[in-house]
Each structure stands twice: as C-alpha cells, then as structure tokens.
Amino acid sequence: MYEKWGGLIMNLGDYFENTEGFGVLATADAEGRVDAAVYSRPHVVDEATVAFIMAEKLTHHNLKANPHAVYLFRESRPGYVGIRLYLTKLREERDSPAIEQLRRKKHGLGHDEQRTRFLVFFRVDKVLPLTGSEPATE
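Just so we're aligned, residue 50 is where the sequence shown starts under the working numbering, counting upward by one.
Dropping the structure here:
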C-alpha cells in the first residue's frame with residue numbers, strides 16, 4: 050500500500066472527481082532521459098490503482114523501458130496546492146473498449162480519432178503533497 054496523507058486514508062477517486070487542476074506525467078527512458086507531458090486527471094480504478102489513456106508517443110515509449118513515473122497535480126486555486134503520485138506501471142490494454150467508456154463518462158462523448166490508444170494501469174506507490182517531502186495532510 051502507498052503512503053497515505055498524514056496517515057489518514059485519502060480517497061483518490063473523490064479527490065480527482067471533485068478537484069479541478071492541471072496535471073503533468075513525468076517518465077524517463079532506459080538511459081534516464083526525462084520527459085514531462087500534460088495529462089488530464091487519472092482514472093481511479095481503486096485506491097491503489099490509477100489509469101491514463103495514452104497515445105503512442107514518448108511517454109508511452111518511455112514506460113516500455115522504465116515502468117516508473119510521477120504524476121504531479123496542481124489544484125486550480127491560489128498557491129502551490131496539490132499532490133504527487135509516485136507510480137509503477139502494472140499493465141496496459143491496446144485500443145481497449147474501456148477507453149471509450151471512460152471518455153464518455155468523463156466528457157459525455159466518444160473518441161473521434163482513429164489512432165492507437167493505450168489504457169495504461171499504474172500502482173500508486175506513494176502520495177506526497179505538491180511541495181515538500183512529508184506525506185500530504187488535509
């Protein structure tokens with residue numbers, strides 16, 4: 050199980066469902082070259098698993114060589130408030146029907162482009178506040 054907010058159980062599903070903000074997913078390739086890309090809020094599968102919909106680009110390529118990533122989420126309010134999720138890739142599904150279901154649930158529409166998409170699942174290893182190194186507190 051990942052480190053929790055100040056020892057309290059944090060509901061990631063509720064947090065991402067009810068919190069507006071801006072996210073960045075950072076990955077690195079096998080040689081340690083880092084990339085960062087803008088990503089929407091993750092799809093929370095359960096308290097220990099999140100998923101992102103990805104195109105066949107650099108982030109996805111990096112995860113083939115190095116399964117570790119960090120997702121930084123800054124809340125849309127004054128100050129540097131938010132969280133960092135330390136993640137390890139578990140598995141992926143190529144062109145999964147679940148992608149359309151998730152997109153319709155979140156945006157009320159399906160995907161109109163005909164290109165390869167991946168639904169990539171991650172274990173949540175640690176949750177930290179946006180700034181500092183102590184477990185996040187409420």
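Positions of the beta carbon are idealized from the N, C-alpha and C atoms, including for glycine.
Predicted, not measured: the structure shown is a model, and the values here were computed from it.
* **Residues that A114 bridges to, as DSSP identifies them** => Here residue 114 is taken as the residue at index 65 of the sequence shown, counted from 1. According to DSSP, A114 bridges with nothing at all.
### Task
Following the continuous alpha helix (DSSP H) through E66, name the residue where it begins and the one where it ends.
Position 17 of the sequence shown, counted from the start, is the residue given in the question as residue 66. E66 -> alpha helix (DSSP H) spans 61-67.
Evaluate contact between the segment 64-81 and the segment 116-129, counting only Cβ atoms and requiring at least three cross-stretch pairs below 8 Å.
-> yes
Query raised in the report: Are the CB atoms of V119 and Y129 nearer to each other than 8 Å?
Result: Counting from 1 along the sequence shown, the entry for residue 119 is found at position 70. Counting from 1 along the sequence shown, the entry for residue 129 is found at position 80. Result no, Cβ atoms of V119 and Y129 do not sit closer than 8 Å.
Spatial neighbours of G148 within its chain, please: C-beta separation below 6 Å, excluding the five flanking residues on both sides.
In the sequence shown, residue 148 corresponds to position 99, counting from 1. According to the sequence displayed, residue 148 carries Ile and not Gly. Contacts found: I102, R166, L168.
Requested in this report: Identify whether R152 lies in helix, strand or coil by the three-state DSSP scheme.
Outcome: Position 103 of the sequence shown, counting from 1, holds the residue named residue 152. Helix at R152.
Around the Cβ of H110, are there at least 16 other Cβ atoms within 10 angstroms (buried) or fewer (exposed)?
-> Within the sequence shown, the letter at position 61 stands for residue 110. So H110 ends up on the exposed side.
Round the Cβ separation of L177 and I132 to the nearest angstrom and send it over; I've been treating them as touching at under 8 Å.
-> One-based indexing of the sequence shown puts residue 177 at position 128. One-based indexing of the sequence shown puts residue 132 at position 83. Yes, they are in contact, since the Cβ atoms of L177 and I132 sit about 7 Å apart, within 8 Å.
In whole angstroms, give me the CA-to-CA distance for S89 and T76. The residue given as residue 89 occupies position 40 in the sequence shown. The residue given as residue 76 occupies position 27 in the sequence shown. Whole-angstrom Cα-Cα distance: 15 Å.
Candidates T180, V99, V83, A85: which alpha carbon is nearest N60's?
Against the sequence shown, residue 60 aligns to sequence position 11. The option with the nearest alpha carbon to N60 is V99.
Checklist entry - Quick one: what does DSSP say P91 is sitting in, helix, strand or coil? => result As a position in the sequence shown, residue 91 is number 42, starting the count at 1. P91 falls in the coil class under three-state DSSP.
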